[in-house]
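Undergrad:
Chains as they are written, first to last, in this note's numbering: chain G, 45 to 498; chain W, -7 to 224.
(1) Kindly list, in the order they appear in chain W, the residues whose Cβ is closer than 9 Å to that of residue 157 of chain G.
(2) Please list the partners that residue 123 of chain G has in chain W, where partner means a Cβ-to-Cβ separation under 7 Å.
(3) Indicate whether at least one CB of chain G lies closer than 8 Å to the CB of residue 145 of chain W.
(4) Does any CB atom of chain W fall closer than 8 Å to the CB of residue 57 of chain G?
(5) Which residues in the same chain have their Cβ closer than 7 Å to the Cβ of residue 126 of chain W, if we skip the five residues on either side of it in sequence?
(6) Measuring straight from C-alpha to C-alpha, what distance separates residue 11 of chain W and residue 4 of chain W?
(7) Using a C-beta to C-beta distance shorter than 7 Å, which residues of chain W count as neighbours of residue 366 of chain G?
(8) In or out: residue 492 of chain G buried (at least 16 other Cβ within 10 Å) or exposed?
(9) With 9 Å as the C-beta to C-beta threshold (strictly closer), list the residues of the region 82 to 113 of chain W near chain G in chain order.
(10) Decide if residue 296 of chain G is buried, meaning its Cβ has at least 16 other Cβ atoms within 10 Å, or exposed.
(11) Between which residues of its own chain and residue 201 of chain G is the CB-CB distance below 7 Å, once the five residues before and five after are set aside?
(12) Residue 42 of chain W: buried (16+ other C-beta within 10 angstroms of its C-beta) or exposed?
(13) With a threshold of 16 other CB atoms inside 10 Å of the CB of residue 313 of chain G, please say whether the residue is buried or exposed.
(14) Can you name the start and end residues of the beta strand (DSSP E) that residue 167 of chain W belongs to?
(15) In the DSSP assignment, find the beta strand (DSSP E) that holds residue 308 of chain G and state where it starts and stops.
(16) Applying a beta-carbon distance threshold of less than 7 Å, which residues of chain W neighbour residue 377 of chain G?
(17) To which residues of the same chain is residue 294 of chain G closer than 6 Å at the C-beta, ignoring the five residues directly before and after it?
(18) Three Cβ pairs or more, each shorter than 8 Å: is that satisfied between the region 463 to 474 of chain G and the region 325 to 333 of chain G?
(19) Say yes only if the C-beta of residue 27 of chain W is nearer than 7 Å to one or more non-hydrogen atoms of the ligand ADP, and no if none qualify.
(20) Taking a cut of 8 Å between CB atoms, which residues from the region 301 to 324 of chain G lie near chain W?
(21) Quick check on the burial criterion: 16 or more other C-beta atoms within 10 angstroms. Buried or exposed for residue 52 of chain G?
(22) Using the Cβ count rule (16 or more neighbours within 10 Å means buried), how would you classify residue 144 of chain G?
(23) Counting only Cβ pairs nearer than 8 Å, list the residues of chain G close to residue 171 of chain W.
(24) On the premise that residue 151 of chain W lies in contact with residue 505 of chain G, defined as a C-beta separation below 8 Å, what is that separation, rounded to the nearest angstrom?
(25) Helix, strand or coil: which one does DSSP assign to residue 152 of chain G?
(26) According to DSSP, what are the bridge partners of residue 77 of chain G?
(27) In this structure, does DSSP put residue 40 of chain W in helix, strand or coil?
(28) Hey, residue 374 of chain G and residue 424 of chain G are a contact pair by Cβ (cut 8 Å); roughly how many whole angstroms apart?
(29) Kindly indicate if chain G contains any beta-carbon less than 8 Å away from that of residue 180 of chain W.
(30) What does residue 198 of chain W reach in chain G if we use C-beta pairs closer than 9 Å?
(31) Hey, would you say residue 56 of chain W sits closer than 8 Å to residue 27 of chain W, going by beta carbons?
(32) Alpha carbon to alpha carbon, how far is residue 390 of chain G from residue 359 of chain G? Give it in angstroms, no decimals.
(33) Which residues in the same chain as residue 74 of chain G place their Cβ atom closer than 8 Å to its Cβ, once the five residues preceding and following it in sequence are excluded?
(34) Please classify residue 34 of chain G as buried or exposed, where buried requires at least 16 other C-beta atoms within 10 Å of its C-beta.
(35) So if I threshold CB-CB distances at 7 Å, which residues from the region 86 to 114 of chain G count as touching chain W?
(36) Does DSSP classify residue 502 of chain G as helix, strand or coil?
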């Protein structure tokens, strides 16, 4: 018997004319891992939410069809009553943390489910250990990196021992190693404990290795629901960006005169240990450099120093021309009430330039939309438009592909390459295939601080 | 000290600040609370200290202008419709100083609550009204979150070549900050619902029992309030 089933579900968010899900039907069996792909705004998150009962209970809107989880009709029970049978990890770890302490955060759901007090601590420790966060139990969530927080959120869901685990882009803020471990953990839970895992991802390589089935959504419709091997063939034929090796740099540039040079820079936040200790980096005109490294290695700090947003505490920084920096949080580009006005902020209100920039990132037609009404992938592109519109000499992009589907990543690579000639571009990223596709040179921050790899 | 008794003690001190008429008593309460606030990380404490100082200063400036009492005139101002004469007397100034001191003590009590208490344990120890206690604990996190968000907006704007200058520039961030808070609140509520919040039969992570200090604080708290009325 199926663990969960959706029958002809159509759902529209309040005030939206187009449905977020249209006639979606799907069954989930115990122990199976189902990967969900699709462009941003295609309905992936909504699909996950219908199995948690959050759609329609929490969001309202128009709902037709039927969803059953563990024999319960989700229209008739509250999401809180489904908790334990279902557990969900949301996209943004910072928006789902309720308590201050890590242990208390993981215990929160167990307390709500009425777990005997004597068992809570052991289950919390076990869940944290399983996700590789065993040493974080006594820490405050406010002192964790995004990657660590993402693991704590997974532990909080895993601790509930659900029969259905819903993961909404759970590796978006993790370095490749940590992302692989997280996906592997989800696969192990499915294999060993027989829970079904529905995982939405924008970095398809690893989920495609562990998934039993693959769904592909477009415009709210499930256009593919197939076993892995069939899905790989379908993707190769119809959406090659999801399965092909990343192409090499579209047209490698030669490095011109240096526009930004960092020599032996060091930095620490407050009284914390050094984040950067004698790091050096040179960015020449015309080149695109990818800056990679594990979570917490100081990539963002180095990027901010290069952009002039942070002052190095020692070492030398030389920069020619104007620098622009794209924050890794697209929520920081929601100051105005229209998308074009938001982008125009950086060019003294020049709406014409703003609209051209929106069109270049694939947001033509979104000019009048409120930035907060955009999906996370669309917000990411809006933020990108807000930065590239300023046409800087030194362009620094911090995790620009977060929440971006593979087709969009290719477009971004093309866009950056087209404009690369007159400036220097530094791309901070965990997305190694993207780094390979875009960069002339890759610099990795880690134990050795800087290691030129290519 | 456990957060429950610590909250009771803070409430007792706040009651003294509100009820006592002697400036020395209110000042002593403020001094004790300030000493506790200064033990918190400087950066976090600064936000609360600035807010408290601004509120107290506002009371000190506005209060004498809004009152009409006393006969020892210090400054004679214009007559304003509705408010009347904007004179300032020595008595009004003395009373304004006491009000400002009270505001300071109350602000510092709030700062101690936000900075020094373990809110998780407070939520867990709430046998009843847990929802309300959780709501207050989450609201307490609002200020540092807003501060972090504001810094993020300013940084993102600087990254686009825009400097945020002066009160007017920062005032423009209020609306996105509020909208962001609402959005975060909705996301948080959704996450709580998904994790079973509100289901009957809730249990609690075992917490350590109360110490002698905790019990002493519980006895002291009402005594402080009574002493504020009776002797101070």
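The beta-carbon is built from N, C-alpha and C at its ideal position, and this holds for glycine as well. These numbers were taken from a predicted model, which means no experiment stands behind them.
TA: This is what the structure holds:
(1) 187, 188, 191, 193, 194, 195, listed in chain order.
(2) The answer, in chain order, is 185, 186.
(3) Contact of residue 145 of chain W with chain G is assigned, a C-beta pair being separated by under 8 Å.
(4) Cβ-Cβ to chain W under 8 Å: no for residue 57 of chain G.
(5) Excluding residues within five positions, the ones whose Cβ falls inside 7 Å are 115.
(6) Distance between the alpha carbons of residue 11 of chain W and residue 4 of chain W is about 10 Å.
(7) Those within 7 Å of residue 366 of chain G in chain W are 153.
(8) Note that residue 492 of chain G has pLDDT 38, beneath the 50 cutoff, so the model's placement of it is unreliable and the number below is only indicative. By the neighbour-count definition (other C-beta atoms within 10 Å, threshold 16), residue 492 of chain G is an exposed residue.
(9) Correct list: 110, 111, 112, 113.
(10) Its pLDDT being 49, under 50, residue 296 of chain G is placed unreliably by the model, and the measurement read from it follows with that caveat. Classification for residue 296 of chain G: exposed.
(11) The residues are 131, 132, 133, 209.
(12) Here residue 42 of chain W is exposed, its C-beta having fewer than 16 other C-beta atoms within 10 Å.
(13) Residue 313 of chain G sits exposed, since fewer than 16 C-beta atoms from the chains shown fall within 10 Å of its C-beta.
(14) Bounds of any beta strand (DSSP E) do not take in residue 167 of chain W; it lies within the alpha helix (DSSP H) bounded by 166 to 186.
(15) For residue 308 of chain G, the uninterrupted beta strand (DSSP E) segment begins and ends at 302 to 311.
(16) By Cβ distance, chain W contributes 148.
(17) The predicted model places residue 294 of chain G with a pLDDT of 49, which falls under 50 and marks its position as unreliable; any figure quoted below should be read in that light. 461.
(18) Yes, they touch.
(19) Looking at this structure, you won't find the ligand ADP or any other ligand, since it has none at all.
(20) Those residues of the region 301 to 324 of chain G that come within reach of chain W (Cβ to Cβ, closer than 8 Å) are 314.
(21) Exposed.
(22) Only buried fits residue 144 of chain G, as 16 or more other CB atoms lie within 10 angstroms of its CB.
(23) Going along chain G in sequence order, the residues near residue 171 of chain W (Cβ under 8 Å) are 378, 416.
(24) Any answer about residue 505 of chain G is impossible in this case: the structure gives chain G only from 45 up to 498.
(25) Residue 152 of chain G falls in the helix class under three-state DSSP.
(26) Its beta-bridge partners are G:241.
(27) The three-state secondary structure of residue 40 of chain W, taken from DSSP, is helix.
(28) About 5 Å separates the beta carbon of residue 374 of chain G from that of residue 424 of chain G, a gap short enough to meet the 8 Å contact definition.
(29) Put simply, the CB of residue 180 of chain W is near chain G, with a gap under 8 Å to one of its CB atoms.
(30) The contacting residues are 161, 162, 164, 165.
(31) Not a contact, by the Cβ cut-off of 8 Å.
(32) It is roughly 30 Å from the alpha-carbon of residue 359 of chain G to the alpha-carbon of residue 390 of chain G.
(33) When the five nearest sequence neighbours on each side are left out, the beta carbons in the same chain lying within less than 8 Å of the beta carbon of residue 74 of chain G are those of 47, 207, 238, 239, 240, in order along the chain.
(34) Limits of chain G in this structure are 45 at one end and 498 at the other, which puts residue 34 of chain G out of reach.
(35) Listed by position along the chain: 96, 98, 102.
(36) For residue 502 of chain G there is no data in the structure shown, the boundaries of chain G being 45 and 498.
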